[in-house]
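Per the numbering used here, the sequence shown starts with residue 21, numbered consecutively. We put the beta carbon where it would ideally sit given N, CA and C, even for glycine. What follows is a single structure, written as structure tokens, with notes after it.
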Amino acid sequence: MSIQTIGIVGLGLIGRGIAACCLAHGFKVIGFTRSQATHDTAYAHIEQAIGDLIERADHPPELAKSWPTRYQRVNALEPFSACDMVIESVVEDFEVKQQIYDQLEAIVPAEVPIASNTSALPISQLQSDRQHPERFLGMHWSENAHATRFLELIRGEQTSDEAFERVAQLAIRLGKEPCLVQKDVEAFVCNRLGYAMYREALHIVESGIADMETVDRASRNAYGLWAALCGPFRWMDITGGPALYAQVMKGVFPTLDNTAELPETMQNMLDAGASGILDGKGFYQYKAGDREKWEDLFRESVWHTKQFQDKHFPLEDE
Numbered sequence: 021m022s023i024q025t026i027g028i029v030g031l032g033l034i035g036r037g038i039a040a041c042c043l044a045h046g047f048k049v050i051g052f053t054r055s056q057a058t059h060d061t062a063y064a065h066i067e068q069a070i071g072d073l074i075e076r077a078d079h080p081p082e083l084a085k086s087w088p089t090r091y092q093r094v095n096a097l098e099p100f101s102a103c104d105m106v107i108e109s110v111v112e113d114f115e116v117k118q119q120i121y122d123q124l125e126a127i128v129p130a131e132v133p134i135a136s137n138t139s140a141l142p143i144s145q146l147q148s149d150r151q152h153p154e155r156f157l158g159m160h161w162s163e164n165a166h167a168t169r170f171l172e173l174i175r176g177e178q179t180s181d182e183a184f185e186r187v188a189q190l191a192i193r194l195g196k197e198p199c200l201v202q203k204d205v206e207a208f209v210c211n212r213l214g215y216a217m218y219r220e221a222l223h224i225v226e227s228g229i230a231d232m233e234t235v236d237r238a239s240r241n242a243y244g245l246w247a248a249l250c251g252p253f254r255w256m257d258i259t260g261g262p263a264l265y266a267q268v269m270k271g272v273f274p275t276l277d278n279t280a281e282l283p284e285t286m287q288n289m290l291d292a293g294a295s296g297i298l299d300g301k302g303f304y305q306y307k308a309g310d311r312e313k314w315e316d317l318f319r320e321s322v323w324h325t326k327q328f329q330d331k332h333f334p335l336e337d338e
């Protein structure tokens, strides 16, 4: 069964981006939230996102008029009976997600895949008590969901091959390069790589090797040069080869941090409730206007990355 209508539960920061992505690629979308204010905010965001795609990513101008005809806003889940695919994007709370699934299973046909947009919760646990666990899988999106190629698909212990393959094909139709995570491990793939880097960065600072500014500069001016071009395995291939890196690893690996405890710096941040640019408290101090500045810079970086990748790595060639 071809997927044509996608239901999205939750229209917050990521959910509304998912809706924009689906609408931009010709799908019908049913968007659910109980809050009219959230509906209105999401609609405005989708409109802006579609405009950006037309202006910066060569989407056809007629998309500006066609997408509203394919978008249905609802405050109850019953209309999801018409969906061929459901994406849940509510808060990262196990019980809240389970309550949503209880309602969906009474409405959505048994053959329809249900994906959870989560960056951390184990998919095997989310699907364990479901009536049809084989149709549940993880679908980890990132912001800006309508513009990036990133999308992780996570197979739970009971996810069927059929459901996993159907959603993988959908991801390609959505303009993504799906990362297929075959084992349901903590934090999946992208975040495992990221948190390994965060841990070593904290170790370097707490050990007095370098300060935060130096670590950030090193990362931006080194990894920033190649991260949009290739991943770590390709990078090793084109910068000396695996044998060279193997020799270096023998000396470096024993010196890397492998603690399982939360670093003192992060415990202090946790105790202080530091939310970075959201409240002005983080590793750096932020003043009025800084939040908007960094959000704008991030969006600009996303578009530069997309344009570079679309030029040099067309999806149809991969």
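Between which two residues does the alpha helix (DSSP H) holding residue i run?
i: Glu312; result: 310-332
i: Leu141; result: From DSSP, Leu141 is part of no alpha helix (DSSP H); its letter is neither H nor E.
i: Ile15; result: Any property of residue 15 remains undetermined from this structure, which presents the chain solely from 21 to 338.
i: Val359; result: The shown model of the chain, from 21 to 338, leaves out residue 359, and the question about it has no answer.
i: Ser162; result: Careful: Ser162 lies outside any alpha helix (DSSP H) and carries neither H nor E.
i: Lys85; result: 83-86
For residue i, which residues does DSSP report across the bridge?
i: Leu146; result: Per DSSP, none; premise fails for Leu146.
i: Tyr91; result: Val49
i: Phe114; result: None, per the DSSP bridge assignment.
i: Ala135; result: Ile107, Leu157
i: Gly296; result: Lys301
Report the rounded CA-to-CA distance for residue i versus residue j, giving the unit in angstroms.
i: Trp87; j: Asp236; result: 40 Å
i: Lys331; j: Arg193; result: 18 Å
i: Arg319; j: Asp310; result: 14 Å
i: Glu281; j: Met232; result: 20 Å
i: Gln56; j: Leu245; result: 43 Å
i: Ser180; j: Ser136; result: 15 Å
i: Ile50; j: Pro133; result: 15 Å
i: Gln267; j: Pro99; result: 59 Å
i: Ala62; j: Lys307; result: 27 Å
i: Thr234; j: Lys270; result: 25 Å
i: Thr285; j: Arg212; result: 20 Å
i: Leu335; j: Pro198; result: 11 Å
i: Thr168; j: Thr275; result: 35 Å
i: His223; j: Val128; result: 48 Å
i: Tyr304; j: Gly296; result: 8 Å
i: Trp314; j: Ser321; result: 10 Å
DSSP three-state call for residue i: helix, strand or coil?
i: Gln287; result: helix
i: Cys42; result: helix
i: Lys301; result: strand
i: Phe253; result: helix
i: Asp337; result: Note that Asp337 scores a pLDDT of 42, beneath 50, so its modelled location is shaky; the value from the coordinates is reported in the next line. In the structure shown, Asp337 sits in a helix (DSSP, three-state: H, G or I).
i: Glu125; result: helix
i: Glu172; result: strand
i: Leu282; result: coil
i: Ser101; result: helix
i: Val201; result: strand
i: Met21; result: coil
i: Ile224; result: helix
i: Ser180; result: coil
i: Pro274; result: helix
i: Gln189; result: helix
i: Ala96; result: coil
i: Ala216; result: helix
i: Val209; result: coil
i: Gly32; result: coil
i: Gln151; result: coil
i: Ile120; result: helix
Taking residue i as part of the beta strand (DSSP E), name the residues at either end of that continuous run.
i: Glu197; result: No beta strand (DSSP E) contains Glu197, which DSSP labels as neither H nor E.
i: Gly27; result: 25-29
i: Val106; result: 105-108
i: Gly20; result: The structure shown does not extend to residue 20, since the chain is modelled only from 21 to 338, so the question has no answer here.
Just checking: is the beta-carbon of residue i within a distance shorter than 8 Å of some beta-carbon in chain B?
i: Arg186; result: Absent from the structure: chain B. Only one protein chain is present.
Hey, is residue i close to the ligand GTP, as in C-beta under 7 Å from one of its heavy atoms?
i: Thr179; result: Although the ligand GTP was asked about, the structure shown includes no ligands whatsoever.
Segment contact flag, the stretch 173-187 with the stretch 198-207, C-beta cutoff 8 Å, min 3 pairs: yes
Meets three-Cβ-pair contact criterion under 8 Å: the stretch 76-95 and the stretch 114-122: no
At least 3 beta-carbon pairs within less than 8 Å: the stretch 207-215 vs the stretch 136-155: yes
Three-pair Cβ contact test at 8 Å for the stretch 158-170 versus the stretch 29-43: yes
Sufficient close CB pairs (3 or more, under 8 Å) joining the stretch 239-254 to the stretch 283-297: no
Validate contact between the stretch 72-81 and the stretch 25-33 using beta carbons, cut 8 Å, 3 pairs: no
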